[in-house]
Structures are given as structure tokens and as C-alpha cells.
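Here's the structure we're looking at; comments come further down.
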Ligand SMILES: NC(=O)c1ccc[n+]([C@@H]2O[C@H](COP(=O)([O-])OP(=O)(O)OC[C@H]3O[C@@H](n4cnc5c(N)ncnc54)[C@H](OP(=O)(O)O)[C@@H]3O)[C@@H](O)[C@H]2O)c1
């Protein structure tokens, strides 16, 4: 059996490029006692991958050159010498950008009785969905009647944050980079307003939509938009820094100028790392599955076919070409 593996060939300078990766083939060894062989079906393509390609350690160690590119992935057990993980069971985890993987069960999440698409367990019911759930509810602490602004709103994290905020009775405004994404947010996801940050005057629009200021700003993009949001905070506002995708390919990160607004607003600015909530995922998955069943929570996927298209797919996150949770189907 021959494995297909995407490895990190070189560390990117600036924008990530297909050349930064290499597709290699390698024979699989037989599994040992206690191990399982998993055939992966979906690879999650995430903005965090850009950071994992850098040298050194942030909240997690960078991928070594020549190593399989780290990714969240999901598939089915096709061979087993571990009674806890029988053949046919679907599983997910940090299993890498490859077709097959051998595991001893450590770090595997079981997905028994799969009814929905397996891909949802890498999106709304997986790491990005958990980021939205815990980032908004535990850090943003939205209250009914309050105003929530979310940037990168048409992505899996942003669109889920906005919809959960609506479930909690908030007024929700999102920013996104195309009119089609803005229409999706209002017409499909129930946002009150969406602002095209590329064509509209964000400051004017925020004045119009957030008449009593922003109570929660959930930031996925960073950069100058963070400054605009800070300027418009309501008293007691919470700013949740989830990511800064506008900065990931830059040599130096833009720092906010209006941070003193946190003082005058008596607010706070905080960060979220989803891995801190691992032990609480099951209750979030249960609640979010309920919202999906009740059609209160919608999701959109953008699926690319073929492992060999992973490198060009990753670029799409930074050009805005993806519309929905980006995944590679093997
Ligand atoms: N802290 C954590 O634990 C954690 C976990 C998961 C994800 N995150 C973060 O959450 C954020 C959203 O992740 P996601 O998975 O939902 O991905 P995503 O929103 O689909 O990310 C891709 C989108 O980002 C937008 N974007 C790209 N460059 C931009 C720029 N210069 N300015 C503004 N927007 C830009 C584009 O949409 P437009 O067309 O709207 O520009 C693009 O389609 C990312 O920052 C990610 O790093 C954090």
C-alpha cells in the first residue's frame, strides 16, 4: 500500500506558495499490535497552517522541513489491531495531510453512528466550530440585546460566531470581502447587517448600524479593522482576538493604535486558543448539533478534490477565494 503525503519543502517568505510543499509517495508499513490504519477522506485547510509553517514554537511547534504537513483530518479505520477502534469506525484528529495514517489511538476522536457528512466534523462540529462557540460564549460573553461585530464573517468561524450571537438574542454585524458573502450572511445566516470591507466605508456603516456602540468585537482578521472596531466600543465591551488573517503573510504585524479605547470603555481585550477547551468539546458538539437540527445554525463548505490540490487550496484562504469551510476531499 502506497501513501500519498504532502510535506513541507521550505518555509514560506511572505505569501504561502504551492512550491512550499511537495507531494511524495511512500510505502506503508504493516500495523503493529494496538494500532489502526486509517484511510483519510477529508483534510481541513485552516488559516493556522500558515503559522505552523514558520520555524519555532508559538502555542504549538512549527512543522519541521520534510515532515508531513500538520492538519486536522478525518477518515475511516480500514485495519485494526486495537479493540477500542474497530474497522469501519470514523475518526478525526491531527492526522496530517496524507491519504493513510497509522495510529495507536492517542488523540483520535471517535465519530460513532455518523449520520451527517464526515466533513462537518472538521468544520462546524470540529475545531473551527468549537473556536466560535467557546470564543464567543466564554470570552465574548454576549447578552441579549447587545451588539456583536464579527470580522472574517463569511468564514466558518465568523459565520458560526454570528449565528450563535443571533441565537443569544444579539444584534449582529459582519464584515466580509465580497457582496455575495455579505448577502449570504444576511439572507442565509440571519445577520442584521453585513459590510463589504473592500467597497464600503466601514466607519460610516458602523456608525449607522451600531448606534449604541459595539459590545462584543470578535476579531478574525486583525489589522486596521481592529482599530476601527476599538474606536466604536460601547462601555464594558469585550474584544476577542481569535485570529489576524490579514497579517499572517506579513513580516511584521500591524499593532492597534486605538487600544486606549479599552480603558475609556472599561472593557477588555482577550485571546482564545481553542485547544484550551478540548475537554469541553462534547457538550458544545451536542448543543451545536441541536441547533443544526433545528435549522438555527447553517454552514457552508468549499470542497476541493484531490490531495495534490492542497497547496493551491491553502492560498485561497489568503486571497479570499474560499467561500465557506475549506476542505480537501481525497
Ligand atoms: N484562536 C484559535 O484557536 C483559532 C482557531 C481556529 C481559527 N482561528 C482563526 O479564526 C479566523 C477565521 O478562520 P476560518 O477557519 O473561519 O477561516 P476563513 O474565515 O475562511 O479564512 C479565510 C478568509 O479570510 C478572509 N481574509 C483573507 N485575507 C484577509 C485580509 N487581508 N483582510 C480581511 N479578511 C481576509 C477572506 O475572506 P474575505 O473574502 O471576507 O476577505 C478569506 O476567505 C482565522 O484568523 C484563524 O486563524 C483561530
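In my numbering, the protein residues as written are 89 to 418. Think of the CB as a built atom: it goes at the ideal place given N, C-alpha and C, for glycine as much as any other residue.
When DSSP reads this structure, residue 186 sits in a beta bridge with 93. Residue 268 counts as exposed, since fewer than 16 other beta carbons sit within 10 angstroms of its beta carbon. Three or more pairs of CB atoms, one per stretch, sit closer than 8 Å, so the segment 278-298 contacts the segment 259-268. With a threshold of 7 Å, the Cβ atom of residue 225 does not count as near ligand 1, since no heavy atom of the ligand is closer than that. The DSSP-derived three-state label of residue 397 is helix. If you keep only unbroken beta strand (DSSP E) runs of at least 3 residues inside the segment 277-362, you get 281-284, 302-307, 321-329 and 356-359. Apart from sequence neighbours up to five positions away, the residues of its chain that approach residue 389 with a beta-carbon distance below 7 Å are 207, 211, 412, 413 and 415, ordered along the chain. In this structure, the alpha-carbon of residue 357 lies about 10 Å from that of residue 351. Under the three-pair Cβ rule at 8 Å, the segment 132-150 counts as touching the segment 329-336. A straight-line Cα-Cα distance of about 15 Å links residue 321 and residue 239. Using a Cβ distance threshold of 8 Å, residue 223 and residue 328 count as a contacting pair.
Just measuring C-alpha positions, the residue of 142, 407, 123 and 251 sitting nearest residue 383 is 251. Spanning the alpha carbons of residue 285 and residue 309 requires a straight line of approximately 11 Å. When C-alpha distances from residue 275 are compared across 377, 340 and 387, the shortest belongs to 387. Closest by C-alpha distance to residue 273, out of 298, 247 and 104, is 247.
Boundaries of the alpha helix (DSSP H) around residue 273: 267-275. In the displayed model, residue 235 falls within a strand according to three-state DSSP.
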